[in-house]
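**Q** Sequence positions in the sequence shown follow this note's numbering and run -5 to 210.
A virtual CB, placed ideally from N, CA and C, is assigned to each residue, including glycine.
One structure follows; several queries about it will come next.
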Amino acid sequence: MEKLRIVVADDHSIVRMGVREVVQGDPRFSIVGMAANSSELVRLYGELAPDIVIADYNMPGDEQYGDGLKLVGYLLRQFPGTRVLIYTMLSNNLIFSSLYDLGVAGVVPKSSDPEEILAALDAIAGGRIYRGACMQDPNSVLPGGDDIEGRIASLSTKEYEVLRHFVSGLSVRDIARVLNRSVKTVSAQKIAAMRKLEVDSDQALLTFCIKAELFQ
-5 MEKLRIVVAD DHSIVRMGVR EVVQGDPRFS IVGMAANSSE LVRLYGELAP DIVIADYNMP
55 GDEQYGDGLK LVGYLLRQFP GTRVLIYTML SNNLIFSSLY DLGVAGVVPK SSDPEEILAA
115 LDAIAGGRIY RGACMQDPNS VLPGGDDIEG RIASLSTKEY EVLRHFVSGL SVRDIARVLN
175 RSVKTVSAQK IAAMRKLEVD SDQALLTFCI KAELFQ
């Protein structure tokens, strides 16, 4: 039987090597390429046409491809024949739900046993969607009042940038580094955005952004 060809994408080499070690132990799969960022992943897609991609949710990228939901959406639009398995440090099932809505074949948290990668690949190889124990039904209600568009329109460009990175899973400190702003400035912009969107917690903010499809 012909092996399923896999590309692994993660910005940490130790993770890429670990995933390769786990996957290559199964004779059904072959690792044909590894990428350290979004641009490399897109290039390998075009060159190798893999059957499956195992990709981190947060990776260095550029303005064209980005990471997180933006990157996943791009991959699934441009390469609809490839199945995407997300391997991530995140544990928020609102993001997981959005990933499944986009069309990923599975999500595996990095906190899980390595064998779960093989369980996910087994499901994907059989034409099934892998939904592990990490996946639960998210809250389906947008927080706040009814004027969703008005609240979004009130955001400044800088506040919008902060929220985009927040939804991708970055901390305030990481966002400050990426945007070359101080932690204090980013924190203030995030708080201002929360006030404008009428949410009072990080969880509510994430729920709003995902359910309003703010960055899709």
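Buried or exposed, going by whether 16 or more other CB atoms sit within 10 Å of the CB of D141?
**A** Within the sequence shown, the letter at position 147 stands for residue 141. Classification for D141: exposed.
**Q** Which one of I48, G67, K64, R175 has the shortest CA to CA distance from F23?
**A** Locating residue 23 in the sequence shown gives position 29, where the first residue counts as 1. When each option's Cα is compared against that of F23, the closest is I48.
**Q** Would you kindly check if the distance between the Cβ of Y68 and the Cβ of Y59 is under 8 Å?
**A** In the sequence shown, residue 59 corresponds to position 65, counting from 1. In the sequence shown, residue 68 corresponds to position 74, counting from 1. Result yes, Cβ atoms of Y59 and Y68 sit closer than 8 Å.
**Q** Please state whether the Cβ-Cβ distance between E153 and Q197 is less than 8 Å.
**A** Reading the sequence shown from its first residue, position 159 is the one you call residue 153. Reading the sequence shown from its first residue, position 203 is the one you call residue 197. No, these two residues do not count as a Cβ contact at 8 Å.
**Q** To the nearest angstrom, how far is the alpha carbon of I204 from that of L96?
**A** Looking up residue 204 in the sequence shown gives position 210. Looking up residue 96 in the sequence shown gives position 102. Looking at the two C-alpha atoms, the distance is approximately 12 Å.
**Q** Take L84 as the anchor and find which of P103, R77, S91 has the nearest alpha-carbon.
**A** On the sequence shown, position 90 is the one that residue 84 refers to. It is P103 whose Cα lies nearest to the Cα of L84.
**Q** Whole angstroms are fine: how far does the CA of G62 sit from the CA of R10?
**A** For the purposes of this step, residue 10 is taken as residue 16 along the sequence shown, with counting starting at 1. For the purposes of this step, residue 62 is taken as residue 68 along the sequence shown, with counting starting at 1. Roughly 18 Å separates the two Cα atoms.
**Q** For E110, I'd like the list of residues in its chain whose CB is within less than 7 Å of its CB, leaving aside the five on either flank, ordered along the chain.
**A** The residue you call residue 110 lines up with position 116 of the sequence shown. The answer, listed in chain order, is V102, G126.
**Q** Does DSSP put T151 in a helix, in a strand, or in coil?
**A** Working through the sequence shown from its first residue, we reach residue 151 at position 157. Here T151 sits in helix by DSSP.
**Q** F209 by DSSP, collapsed to three states: which one?
**A** Start at 1 with the first residue of the sequence shown, and residue 209 comes out as number 215. Three-state DSSP puts F209 in coil, outside helix and strand.
**Q** Looking only at DSSP bridge pairs, what is V101 linked to?
**A** In the sequence shown, residue 101 corresponds to position 107, counting from 1. Its beta-bridge partners are I80, R125.
**Q** Assuming P44 contacts G19 under a Cβ cut-off of 8 Å, what Cβ separation, rounded to an integer in Å, is found between them?
**A** Here the question's residue 44 lines up with position 50 in the sequence shown. Here the question's residue 19 lines up with position 25 in the sequence shown. Between G19 and P44 the Cβ distance is about 18 Å, and since that is not below 8 Å, they are no contact.
**Q** With 16 other CB atoms within 10 Å as the buried threshold, where does H159 fall?
**A** For the purposes of this step, residue 159 is taken as the residue at position 165 of the sequence shown. Answer is buried; the Cβ neighbour count reaches 16.
**Q** Can you give me the start and stop residues for the beta strand (DSSP E) that M28 sits inside?
**A** As a working note, residue 28 is residue 34 in the sequence shown. Segment 23 to 29, the beta strand (DSSP E) holding M28.
**Q** Candidates I89, V180, G75: which alpha carbon is nearest Y81's?
**A** The residue you call residue 81 lines up with position 87 of the sequence shown. Ranking I89, V180, G75 by Cα distance to Y81 puts I89 first.
**Q** Does the distance from the CB of S148 to the CB of K190 come in under 8 Å?
**A** Taking the sequence shown and counting its residues from 1, the one referred to as residue 148 is at position 154. Taking the sequence shown and counting its residues from 1, the one referred to as residue 190 is at position 196. Contact flag set, yes.
**Q** Using the rule of at least 16 other Cβ atoms within 10 Å of the residue's Cβ for burial, across every protein chain shown, is D0 buried or exposed?
**A** Within the sequence shown, numbered from 1, the residue matching residue 0 stands at position 6. First, the residue type needs correcting, since residue 0 is Ile and not Asp in the sequence shown. Label assigned to I0: buried.
**Q** Just to confirm, are L259 and L208 a CB contact at a threshold of 8 Å?
**A** Nothing about residue 259 can be read from this structure; the chain reaches only from -5 to 210.
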